[in-house]
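Down below is the structure, laid out as structure tokens.
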Amino acid sequence: MLQIKELKKVFKSGDTNVLAVDDVSFSVSDGQFASIIGKSGSGKSTLLSLLGALDKPTSGHIMVGDKDITKLHDRALIKYRGRKIGYVFQSYNLVPNLTALENVMLPMEFAKVPKKQRIERAGKLLDQVGLKDDKQKRKPGRLSGGEQQRVAIARALANKPQLILADEPTGNLDSQTGKMIFDLLHDLAKTENTTILTVTHDLSIAGKTDVTFILSDGKLVKR
Ligand SMILES: Nc1ncnc2c1ncn2[C@@H]1O[C@H](COP(=O)(O)OP(=O)(O)O)[C@@H](O)[C@H]1O
Ligand SMILES: [Mg+2]
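Printed below as a string of structure tokens:
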């Protein structure tokens, strides 16, 4: 269970304060597929980076299971980021000089998984997201956008995270490929019992998730 309580993030620029996330509270159960929609600048990316502990809130609480991650110190935070969270970004963020398989193995290396197991699990995950053998040996530059995003999803799953955070994961894909990527995320939420929180512009996709949150000027306006 993910529980967000009275979360706030203020950015100071000069003498003005931007309330990017303004007193947001909501919760998502394990295995739920949730979407966040809202106009550009409404605070979606800021909210995701707080949940992923990539940035610290000004105030409020983020409970992941029974842990408040806003209270974790540096080492525990690094562990949380690496082992409990999987990230998927609009721009895939794969390492260009590593093969698809090596990209998926990388988070497991940080988690000190033995090499043989890393290779095995990475291969399995890539099979699961539909990337065939020969393509697993290719570098990202020789894969299509949709294929690269499949690799990024497999990488996000590598350490069996409790939570996957996806920021506009289909933003660079055509609508048909985008729909396939969303269906894949949906299936994974169910089969792996992983909570998935995704930001999207695509209302037809958001309508298919278990729950949709709408942000406007940093505030949650509907849930
Ligand atoms: N690092 C930052 N410094 C100052 N202002 C920021 C920063 N990041 C985001 N903002 C501001 O916070 C608001 C929300 O931004 P963002 O979370 O990126 O929105 P969205 O992802 O919904 O487009 C915007 O007004 C944006 O300009
Ligand atoms: Mg954004």
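Per our numbering, the sequence shown starts with residue 1385, numbered consecutively. Where is the CB? At the ideal position from N, CA and C, for every residue including glycine.
Query, Result
"Taking buried to mean at least 16 other C-beta atoms within 10 Å of its own C-beta, is Leu1587 buried or exposed?", "exposed"
"Mapping DSSP to helix, strand and coil, what is Lys1519?", "helix"
"Of all the options Ile1565, Gln1520, Ala1437, Ala1418, which has the alpha carbon lying nearest to the alpha carbon of Arg1467?", "Ala1437"
"So, helix, strand or coil for Gln1387, using DSSP?", "strand"
"Pick helix, strand or coil for Ser1424, following the three-state DSSP scheme.", "coil"
"Does Ala1506 come out as helix, strand or coil in the three-state DSSP assignment?", "helix"
"Examine ligand 2 and report whether any of its heavy atoms sits within less than 7 Å of the Cβ of Lys1393.", "no"
"Heavy atom of ligand 2 less than 7 Å from the Cβ of Asp1551, yes or no?", "yes"
"Would you give the residue range spanned by the beta strand (DSSP E) that Asp1450 belongs to?", "Per DSSP, Asp1450 belongs to no beta strand (DSSP E) and is neither H nor E."
"Counting only the same chain and skipping the five closest in sequence on each side, list residues whose C-beta sits under 8 Å from that of Val1394.", "Asn1401, Val1402, Leu1403, Ala1404, Thr1442"
"What are the partner residues of Gly1470, as DSSP defines its beta bridges?", "Ile1548"
"Ends of the beta strand (DSSP E) at Val1350?", "Past the edges of the chain, shown from 1385 to 1607, lies residue 1350, and the structure says nothing about it."
"Can you tell which of Phe1410, Ser1419, Asp1406, Ser1409 has the C-alpha that lies nearest to the C-alpha of Ala1573?", "Ser1419"
"Identify every run of the beta strand (DSSP E) within the segment 1573-1606, keeping only runs that are complete inside it and at least 3 residues long; order them along the chain.", "1579-1583, 1595-1600, 1603-1606"
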